[in-house]
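Novice: Have a look at this one.
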Ligand code: ADP
């Protein structure tokens, strides 16, 4: 069977999926990851029915970094029988100011993507590592880069600029926005399940360990809560969300923290984890009696409401609100509390449907439709990869 490999490489995990290409379209065959890179490396993969195909642990120094994890995953993937690798689709966090759509990667494109490393120093190098390896090992297999920023590309300058001297915008200091593959998938899904709402003004809340919101008008992104980096906007598992830049100045100038220490704090020690002192995981916070866990949840819900208000203003009103990603898809209590904060916009939650995890969780009389739609960024990457190969961009 012809197959597509989708790769999503982060700093501590390498996720991959294999999709079969058939007449009927793309069919997920394998979902796997190597987690705990450098600490407790473990390769796990399941087939489409959820049967375990591999579950193997490694010594920390055997899979100490991302290249070693890529090699381990590749060794295992090569043992699979019956797949002909047609192409590889890669998640790349940053498409910079240039890329508004996925792109077939060649040496020139790779060089340009590498030049965006300064814009996303924690993510971009990880995203590019498997591309380099795959190009070296399988030079004849097409590699496609799919960007988290692309879906937001084309926001007018008044929307994506900061009030900074012009030269900063020109060198790339702009509000790019992220989670675009998720929003694009949700926009498409909404067209299938609620076409009328999809043509209107929609806020999508991608609430996972990273969290953001996007305002969609007729399926197009018009505003989003993240900006130059994935630090902005909503509070997240370990990132604070919107923060007065004066706090960063205080940390550096008054507290004498190094840039590296501030970066570690903002990416790994802040957010729900820092505020609660309990956990970065919403499940732990919901189960905890700790007053700071409660505070972290209160803050998260409050900021979600506040950002929804901002996006409602960008759209000039709201017709539908969609919950997605780990918290959005799975946590009825958090959805209920956020829906309460949308009451002023006319949202009315159906608590029975919400607790049952239904797709539509608003009442029939609600002025805003509330939906829960599972996201699927990997499928979006596979679709882009396939369609780019069928119809190469001009
Ligand atoms: P990412 O892809 O950004 O790593 P996910 O979208 O998978 O994240 O979301 C992971 C987060 O979802 C977890 O950290 C956890 O906080 C949250 N989550 C998952 N299931 C539940 C649940 N039943 N209740 C509350 N939160 C949940």
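Residue numbers (this note's numbering): 1 to 394. We put the beta carbon where it would ideally sit given N, CA and C, even for glycine.
1) Determine which residues share a DSSP beta bridge with residue 28 and list them.
2) Any heavy atom of the ligand ADP closer than 7 angstroms to the beta-carbon of residue 42?
3) Starting from residue 278 and walking both ways along the beta strand (DSSP E), at which residues does that stretch end?
4) Using the Cα positions of residue 355 and residue 223, report the straight-line distance between them to the nearest angstrom.
5) With a floor of 4 residues, list each alpha helix (DSSP H) that falls wholly inside the region 262 to 341, ordered by position along the chain.
6) Looking only at its chain, what residues have a beta carbon closer than 6 angstroms to the beta carbon of residue 328, apart from the 5 residues adjacent to it on each side?
7) Quick one: what's residue 396 bridged to in DSSP?
8) At what residues does the alpha helix (DSSP H) containing residue 170 begin and finish?
9) On the three-pair Cβ rule with 8 angstroms, is the region 88 to 105 touching the region 32 to 48?
10) Could you tell me which residues DSSP pairs with residue 223 in its beta bridges?
11) Return yes when the Cβ of residue 6 is within less than 8 angstroms of the Cβ of residue 378, no when it is not.
12) Grab the span of the alpha helix (DSSP H) containing residue 115 for me, first residue to last.
13) What is the residue span of the alpha helix (DSSP H) that residue 131 lies within?
14) With hydrogens ignored, establish whether the beta-carbon of residue 283 is closer than 7 angstroms to any heavy atom of the ligand ADP.
15) Measuring straight from C-alpha to C-alpha, what distance separates residue 133 and residue 344?
16) Below 8 angstroms between beta carbons: does that hold for residue 33 and residue 15?
17) Between 297, 31, 122, 359, which lies nearest to residue 4 when the distance is taken from Cα to Cα?
18) Per DSSP, residue 255 forms a beta bridge with which residues?
19) Taking Cβ positions, are residue 341 and residue 301 nearer each other than 8 angstroms?
20) Answer yes or no: the CB of residue 286 versus the heavy atoms of the ligand ADP, is any distance below 7 angstroms?
Specialist: According to the structure shown:
1) As a working mapping, residue 28 is identified with position 28 in the chain shown. According to DSSP, residue pairing for residue 28 in a beta bridge involves 19.
2) On the chain shown, residue 42 is found 42 positions in, with the first residue counted as 1. In this structure, residue 42 has its CB at a distance of at least 7 angstroms from all heavy atoms of the ligand ADP.
3) Position 278 of the chain shown holds residue 278. In the DSSP assignment, residue 278 falls outside any beta strand (DSSP E) and carries neither an H nor an E.
4) Mapped onto the chain shown, residue 355 falls at position 355. Mapped onto the chain shown, residue 223 falls at position 223. Distance from the CA atom of residue 355 to the CA atom of residue 223, rounded to whole angstroms, is 30 angstroms.
5) Segments of the alpha helix (DSSP H) lying fully in the region 262 to 341: 271 to 276, 282 to 287, 291 to 315, 325 to 330, 332 to 341.
6) As a first step, residue 328 is located in the chain shown; it is residue number 328 there, counting from the start. So the qualifying residues of the chain are 205, 207.
7) Since the first residue of the chain shown is 1 and the last is 394, residue 396 is not available in this structure.
8) Your numbering for residue 170 matches position 170 in the chain shown. That run of the alpha helix (DSSP H) goes 166 to 170.
9) Contact fails: fewer than three Cβ-Cβ distances are below 8 angstroms.
10) Counting from 1 along the chain shown, the entry for residue 223 is found at position 223. For residue 223, which the question treats as bridged, DSSP gives the partners 215.
11) Mapped onto the chain shown, residue 378 falls at position 378. Mapped onto the chain shown, residue 6 falls at position 6. Cβ distance < 8 angstroms, so residue 378 and residue 6 count as in contact.
12) Indexing the chain shown from 1 puts residue 115 at position 115. Residue range 107 to 115 is occupied by the alpha helix (DSSP H) that includes residue 115.
13) Taking the chain shown and counting its residues from 1, one reaches residue 131 at position 131. For residue 131, the enclosing alpha helix (DSSP H) stretches over residues 124 to 137.
14) Working through the chain shown from its first residue, we reach residue 283 at position 283. Distances taken from the Cβ of residue 283 to the heavy atoms of the ligand ADP include one shorter than 7 angstroms.
15) If you number the chain shown from 1, residue 133 lands on position 133. If you number the chain shown from 1, residue 344 lands on position 344. Cα to Cα, residue 133 sits roughly 52 angstroms from residue 344.
16) Taking the first residue of the chain shown as position 1, residue 33 is located at position 33. Taking the first residue of the chain shown as position 1, residue 15 is located at position 15. Taking 8 angstroms as the Cβ cut-off, residue 33 and residue 15 qualify as a contacting pair.
17) Numbered from its first residue, the chain shown carries residue 4 at position 4. When C-alpha distances from residue 4 are compared across 297, 31, 122, 359, the shortest belongs to 31.
18) Position 255 of the chain shown holds residue 255. As far as DSSP is concerned, residue 255 takes part in no beta bridge.
19) Within the chain shown, numbered from 1, the residue matching residue 341 stands at position 341. Within the chain shown, numbered from 1, the residue matching residue 301 stands at position 301. In contact: residue 341 and residue 301 (Cβ atoms closer than 8 angstroms).
20) Locating residue 286 in the chain shown gives position 286, where the first residue counts as 1. Correct: residue 286 has its Cβ closer than 7 angstroms to the ligand ADP.
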